[in-house]
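Using the numbering used here, read the sequence shown as starting at 59 and increasing by one per residue. Ideal placement from N, C-alpha and C gives every residue a C-beta, glycine not left out.
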Amino acid sequence: MDRRNAVVGFLEVEEQEGRYRYRSSLEGAASRITPSLYFLTKDKEVIKMTRILFVTDVHGSEYVFRKFINALPIYKADVGILLGDLSGKLLVPIVKNPDGTYISTFFGGTYKFKEKDLEDMKKRISIAGYYPICVSKEELDKIESNPELKDRIFVENIKKRLESWIKLAEERLRDKNIKLFISAGNDDPWEIEDVLNSSDFVINAGMKKVYIDEYHEMITIPYSNPTPWNTPREVPEEKLEEIIESLVKDIKDMERAIFNFHVPPYDSGLDLAPKLSRDLTPSVSEMIPVGSKAVRKAIEKYQPLMGLHGHIHESKGVCNIGRTVCFNPGSEYGEGILKGVLIDLEKDRVKGYSFVSG
């Protein structure tokens, strides 16, 4: 097929006196996203492109996950990719007082409220990605004095919310011909793997090769290089390089491959984070690269079609490393805002992209 003679258009094509009319499949699209999921060759061969909605670092936010699931059919995505971190960061106790009222402290404020406001308060906490637990003062004291119990309750809440997300995705997307790939990130506890592997619809892409469509293989790595917070899935750069090499060997067509790696490549513009002081206070004026040198080395060496990354919430952007187009959609999960990037893939290239927010 001669691509120079291809006509960019839509599936709904009408020929009138030797000319073609096309109907838009995505109204109001941003300037860098192709307005079509199809192109028509001069011999009228219609070839479908693949549209991806890529999102990362939802960190337990109920609102952001629901927005992601709802956005997939709205944007006419063929594939949804959610690359960790999936887990929230905090348990938020809601203590029941002897008089039947409740008290809870979060977001730097202390709130006292009645039974009728309990569900609303739980919702507010969940929107931010935290996990509300209703306890008595005695139960809270017991939890606070027992780190193992606290960790167990935390993981149980992470798994419970993730189970509800998997169920929601199955209910909303199963009959819409949309593939959904999910993976953990460096912040996620190992115990969630059972939940991620529990669905016959939602695909746990972590640490394996999958095909997102007929042409494009994707390998997914949830690990990161070391961070100051000693997260569950961080490893030294040397080990991360070994992990990458162990998956790369399974790729058959590197020119069309996707590297879905949670941590972005070092010094790429996708990995800029505030410099931390010795007590981990972030600078308000100095940003430094904190991405992975092993990831950058692999991209430079193998030159896949595309890199999908997250991890650094402040560093939304796109860059090229050689022929490889790399994305980080950023994250504002704490405000309940969905940040993503829509990507249109042709067989051999990224046709267009658009960062989306809502």
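Where does Met-179 fall in DSSP's three states? Met-179 carries a helical assignment under DSSP once its states are collapsed to helix, strand and coil.
Is the Cβ-Cβ distance between Leu-231 and Ile-127 less than 8 Å? Yes, these two residues count as a Cβ contact at 8 Å.
Inter-residue CB distance, Gly-187 and Ser-119 (contact presumed, cutoff 8 Å): Rounded, the Cβ-Cβ distance is 4 Å, consistent with contact.
With a Cβ-Cβ cutoff of 8 Å, do Ile-270 and Val-137 count as a contact? Against a cut-off of 8 Å, the Cβ pair of Val-137 and Ile-270 comes out as a contact.
Within 8 Å, do at least three Cβ pairs link the segment 296-305 to the segment 351-367? Taking a cut-off of 8 Å for Cβ pairs, the segment 351-367 and the segment 296-305 touch, as three or more such pairs fall below it.
Between Arg-291, His-371, Arg-314, which has its C-alpha nearest Tyr-281's C-alpha? Looking at the Cα atoms, Arg-291 is the closest of the given residues.
Just how far apart, CA to CA, sit Arg-210 and Pro-362? Taking the straight line from one Cα to the other gives about 40 Å.
Given that a residue counts as buried once 16 or more other Cβ atoms are within 10 Å of its Cβ, and exposed if not, what is Val-342? Val-342 should be labelled exposed.
Give me whichever residues DSSP pairs with Tyr-169 in a beta bridge. According to DSSP, Tyr-169 bridges with Ser-162.
Measuring alpha carbon to alpha carbon, tell me which residue in Gly-416, Ile-401, Leu-396, Asp-402 is nearest Asp-115. Of the listed residues, the one whose Cα sits closest to Asp-115 is Leu-396.
From what residue to what residue does the alpha helix (DSSP H) around Ile-224 run? DSSP places Ile-224 in the uninterrupted alpha helix (DSSP H) bounded by 205-231.
Just to confirm, are Ile-316 and Met-265 a CB contact at a threshold of 8 Å? Going by beta carbons, Ile-316 and Met-265 fall outside the 8 Å limit.
Looking only at DSSP bridge pairs, what is Val-153 linked to? As DSSP reads the structure, Val-153 sits in a beta bridge with Ile-161, Val-193.
Minimum C-alpha distance to Gly-483 - residue among Met-179, Lys-174, Pro-156, Gly-158: The requested residue 483 is not part of the displayed model; the chain covers only 59 to 416.
In its own chain, which residues sit with a C-beta less than 8 Å from the C-beta of Lys-267, not counting the 5 before and 5 after it? Here the set comprises Glu-275, Met-276, Ile-277, Leu-305, Asp-308, Ile-309.
Buried versus exposed call for Ser-82 [16 or more other C-beta atoms within 10 Å across all chains shown]: Because the pLDDT of Ser-82 is 37, which lies under 50, any placement of that residue in the model is unreliable, and the question is left without a value.
Beta-carbon proximity list for Leu-148, same chain, < 6 Å, skipping 5 on both sides: These residues qualify, in order along the chain: Tyr-188.
For the candidate residues Glu-358, Glu-404, Pro-151, Tyr-169, whose alpha-carbon lies nearest to that of Ile-379? Nearest of Glu-358, Glu-404, Pro-151, Tyr-169 to Ile-379, Cα basis: Glu-358.
Output the distance between the C-alpha atoms of Asp-372 and Val-414, rounded to the nearest integer angstrom. Looking at the sequence shown, residue 372 is not Asp but Glu. Counting only the Cα atoms, Val-414 lies some 15 Å from Glu-372.
Leaving aside the five residues before and after Ile-161 along the sequence, list all residues of the same chain whose C-beta is less than 6 Å from its C-beta, in chain order. Closer than 6 Å at Cβ, skipping near neighbours: Val-153, Lys-170.
Who are the near neighbours of Glu-202 in its chain, counting only those whose CB is closer than 8 Å to its CB and skipping five residues on each side? Cβ within range, chain order: Lys-208.
Nearest to Ser-241 by alpha carbon, out of Leu-140, Asn-386, Lys-405? Of Leu-140, Asn-386, Lys-405, the smallest CA-CA separation from Ser-241 is found for Leu-140.
With a threshold of 6 Å on Cβ separation, who are the neighbours of Asp-406 within its own chain once the five nearest residues in sequence on each side are excluded? Short of 6 Å from the beta carbon of Asp-406, and not among the five residues preceding or following it, lies no beta carbon of its own chain.
My output table needs one value for Lys-397: the three-state DSSP class, helix, strand or coil. Looking at Lys-397 - three-state DSSP - the assignment turns out to be strand.
Looking at the structure shown, is Gly-392 part of a helix, part of a strand, or coil, going by DSSP? Assigned with DSSP and collapsed to three states, Gly-392 falls in helix.
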